[in-house]
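Structure record follows, encoded as structure tokens.
2 protein chains.
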Amino acid sequence: MRIAQVAPLAEAVPPGLYGGTERVVSWLTEELVKQGHQVTLFASGDSETAANLLPSVARGLRLAGIHDHTASTLVMLDQVHRRANEFDIIHFHVDLLQFPLFQDLFQKCVTTLHGRPDLPDFHPIYRAFPNMPLVSISDNQRGPMPPSLNWMATIDHGLPANLYRFNQKGGSYLAFLGRIAPEKRPDRAIEIAKRVGIPLKIAAKVDNADQEYFEHVIEPLLDDPLVEFIGEIGDHEKNEFLGNALALLFPIDWPEPFGLVMIEAMATGTPVIAWRKGSVPKVIDEGVTGFVVDSIEGAVRAVEQIGGLDRSAVRRQFEARFTSFQMASKYLAVYKELVAGSKRRALIKSAPVAISMPTVDDHPLQPLQVNGL
Amino acid sequence: MRIAQVAPLAEAVPPGLYGGTERVVSWLTEELVKQGHQVTLFASGDSETAANLLPSVARGLRLAGIHDHTASTLVMLDQVHRRANEFDIIHFHVDLLQFPLFQDLFQKCVTTLHGRPDLPDFHPIYRAFPNMPLVSISDNQRGPMPPSLNWMATIDHGLPANLYRFNQKGGSYLAFLGRIAPEKRPDRAIEIAKRVGIPLKIAAKVDNADQEYFEHVIEPLLDDPLVEFIGEIGDHEKNEFLGNALALLFPIDWPEPFGLVMIEAMATGTPVIAWRKGSVPKVIDEGVTGFVVDSIEGAVRAVEQIGGLDRSAVRRQFEARFTSFQMASKYLAVYKELVAGSKRRALIKSAPVAISMPTVDDHPLQPLQVNGL
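The listed protein sequences correspond, in order, to chains G and H. In terms of our numbering, the first sequence opens at residue 1 and continues consecutively. In terms of our numbering, the second sequence opens at residue 1 and continues consecutively.
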């Protein structure tokens, strides 16, 4: 199949440091190539891929010091559009800029929503183009979205089976990995560690936006012999950090769309203790790969039980659900459904695709947009 | 002529409080209607106009609490696109989202650039679509832009001749009107007032982003009997505030694209003392409507000479150059040039307008974008 993957331009694919979406695009792209598909990757020029790379900017925009990515992304989308007839499927990992330009090509397009769907700012575009095929990365992600969208599937993220080494032995500390931010609740992780008397290692970056939160809320809590703040770590250090842990703490307080770090921990055999928010209840197999909790007390009980989980079973469940092979297989099923035209016929039936310029009466202004704000 | 005006959705047209671009769009729209044209205004639903208003959101997005305007603006642009054949001219006042969608309609489109052209973030879209007809609001604004763009004209902003009453007498204080921000240099205004011993009145809002600058840099300077800080004022108070002044101080330290407040002062007969930045040297007629300076010393000398200027001449020059009638006449000349197709033929000659999907070789990826970042 001839497949275009359209990545965000913020980071290289894969990114040098952070960049969740770009990592997922990379894993999907490489797996599709491995399975014999003809893949074209639209991404920044410092990306590395076995696919055909078509860069529209020299390097990831964040490191290039570009704050507003709109113009560069639009230029990339126009380049994708000019080549649209070279592809059977165009898979977008950018949130919304592509909708108007590709509206007459929806039958070969699919957009994975990687971001937060609970912000009303973005809803008008989804309401205006309800036919665009969409993929959610958790069922929970669809909740706040407008009704009657063209959801094709929920597809979990997946990572290469051999990216992390399985660690049968595990370790004796609790791990917190990610960003220091109010919605990630590192304060809860610290409280849990103190309550159970088990060391906590925090490997996290502090964004400029969260500097004040770090200094005022978290830093005072770090002055405890049980708590070790390591700072930001790279991909190569994650294997050790996660694999040597007793459990990963994921005490989030926001509707996490997926939560890659949970499946990274599982890949090393380390189980996860996480709050019941967003994707969490679907990602964790209760009592197998970890525990879903609602309170500090619940988390404390979970830590006390965590030694009873079989780390081999955690790894097996990761392999069964969260590899890039699994992810690519599910996306291929969506691609095939689109190509086969089953969705296409349904689309044409419910709302004709406009080939020529429509008249005014065919397309009155949508009162929905007016009332919705 | 059937003309579409496409406004930003941040504020109503005209805005209740601030919103420079939306005010200019309003003045242009009403003047075009007055001159007998069939004008359609795409703007927020709380706009007020004699034109045919087609709202895509109920009210201005800023007051509706929407921070990211991209989705709503794209939906509006799609609605404009669906009705494109109803218009002879489509005039965009949004910066760049329209470029890919309207590329096959460039011969009836024109975009006025209202923002800062010196930010590299936006340049890729202008480089990628060099045929889009553009209007600058000062010649200086073009300086940092990529070369070989399709500039149609520089058109000064203009406001209704009767919006402000001419004040023959003037007053005895110096006026500063706008935002408290480092690039507006209210500190310079205060220093000038102290040096010449003339009272200064500051009517300005303080955005959240500038709160720290206000508290640390400006507030300590306000403790002087010569300096009066009035805070934010509405449109109806501006007439008194500007008309009763000896001069407007405009001591900016950034490439101001136009600077509406200068012509507002002139409309009341009050001359302007401004720094040589951005549009300033072209907006001020030296020795007639004010003085262009490069230093505090220059500004002090200008204040000493300002009594020698004829306030009637200031008003006459405003009427000759900066009314909405002037502005609309210049835009109509651009519209007519586009409609007559003189530009269109030139465009077609230099770069064929793509009707069908172009092949790869017709549109290679632009190395410019790669190298430019």
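C-beta: ideal position from N, C-alpha, C; glycine also. On a predicted model such as this, the values are computed, not experimentally measured, just so you know.
Cut-off 7 Å between Cβ atoms - residues of its own chain near residue i, not counting five sequence neighbours on either side
i: R62 (chain H); result: A10 and E11
i: L32 (chain H); result: I3, V39 and A328
i: G20 (chain G); result: L260
i: K330 (chain G); result: A153 and I155
i: I230 (chain G); result: K201, I202 and A203
i: K194 (chain H); result: D224 and L226
i: E256 (chain G); result: K277, G278, S279 and V280
i: R321 (chain H); result: D156
i: I190 (chain H); result: L200, L221 and V227
i: V80 (chain H); result: A4, V6, F42 and I90
i: L53 (chain H); result: L41, A43 and S47
Residue i, buried or exposed, once every other Cβ within 10 Å from all chains shown has been counted against 16
i: P352 (chain G); result: Summary for P352 (chain G): the model assigns pLDDT 48, below 50, so the residue's position carries little reliability; its value from the coordinates is reported in the next sentence. Its Cβ having fewer than 16 others within 10 Å, P352 (chain G) is exposed.
i: K201 (chain G); result: buried
i: G65 (chain H); result: exposed
i: I296 (chain H); result: exposed
i: H67 (chain G); result: exposed
i: E286 (chain H); result: exposed
i: P55 (chain G); result: buried
i: P133 (chain H); result: buried
i: S279 (chain G); result: buried
i: P14 (chain G); result: buried
i: D210 (chain H); result: buried
i: E22 (chain H); result: buried
For residue i: DSSP bridge partner residues
i: Y173 (chain G); result: G:A245
i: F42 (chain G); result: G:V6 and G:L54
i: K205 (chain H); result: H:R179
i: G290 (chain G); result: G:V272 and G:E286
Same chain only: Cβ atoms within 6 Å of residue i, ignoring 5 sequence neighbours per side
i: C109 (chain H); result: I90 and F102
i: T359 (chain H); result: Annotation note: pLDDT 33 at T359 (chain H) (below 50); position unreliable, coordinate value reported separately. Nothing meets the Cβ criterion.
i: G269 (chain G); result: F166, N167, R311, V314 and R315
i: D95 (chain H); result: G115
i: D253 (chain H); result: E183 and R185
i: P199 (chain H); result: Y173 and L226
i: Q366 (chain G); result: Unreliable positioning characterises Q366 (chain G) in this predicted model, as indicated by a pLDDT of 36, which lies under 50. A coordinate reading is not provided.
i: W151 (chain H); result: L134
i: R142 (chain G); result: S136
i: Y164 (chain G); result: N239, A267 and T268
Beta-carbon spacing of residue i, residue j below 8 Å
i: H93 (chain H); j: H114 (chain H); result: yes
i: F291 (chain H); j: G158 (chain H); result: no
i: F258 (chain G); j: S138 (chain G); result: yes
i: V196 (chain H); j: I180 (chain H); result: no
i: P120 (chain G); j: L149 (chain G); result: no
i: T49 (chain H); j: T29 (chain H); result: yes
i: G170 (chain H); j: L249 (chain H); result: no
i: Q5 (chain H); j: F42 (chain H); result: yes
i: D88 (chain G); j: V339 (chain G); result: yes
i: A299 (chain G); j: P251 (chain G); result: yes
i: T70 (chain H); j: T70 (chain G); result: yes
i: L242 (chain H); j: A175 (chain H); result: yes
i: L309 (chain G); j: P100 (chain H); result: no
i: V334 (chain H); j: V135 (chain H); result: yes
i: I192 (chain G); j: V303 (chain G); result: yes
i: G307 (chain H); j: L17 (chain H); result: no
i: V57 (chain G); j: I125 (chain H); result: no
i: E264 (chain G); j: K238 (chain G); result: yes
i: W27 (chain G); j: P160 (chain G); result: yes
Residue i versus the options, residue with shortest Cα-Cα distance
i: P271 (chain H); options: H:R316, H:I233, H:P257 and H:G278; result: H:R316
i: E232 (chain G); options: G:P15, G:A161 and G:L177; result: G:L177
i: K282 (chain G); options: G:N208, G:N140 and G:F42; result: G:N140
i: N85 (chain H); options: H:F106, H:T70 and H:P14; result: H:F106
i: P147 (chain H); options: H:V24, H:P117, H:S56 and H:V25; result: H:P117
i: E240 (chain G); options: G:M266, G:N150 and G:L221; result: G:M266
i: R188 (chain G); options: G:R23, G:K169, G:Q35 and G:A274; result: G:A274
i: T111 (chain G); options: G:P8, G:G307, G:N162 and G:G234; result: G:P8
i: H37 (chain G); options: G:S26, G:W27 and G:A51; result: G:A51
i: R82 (chain G); options: H:R83, H:A128, H:L53 and H:R82; result: H:A128
Proximity test, residue i beta-carbon vs the ligand FMN heavy atom, cut-off 7 Å
i: K194 (chain H); result: In the structure on display, the ligand FMN does not appear, and there are no ligands present to speak of.
Cutoff 8 Å; reference residue i; Cβ partners in own chain excluding five residues on either side
i: R59 (chain H); result: A12, S44, G45 and D46
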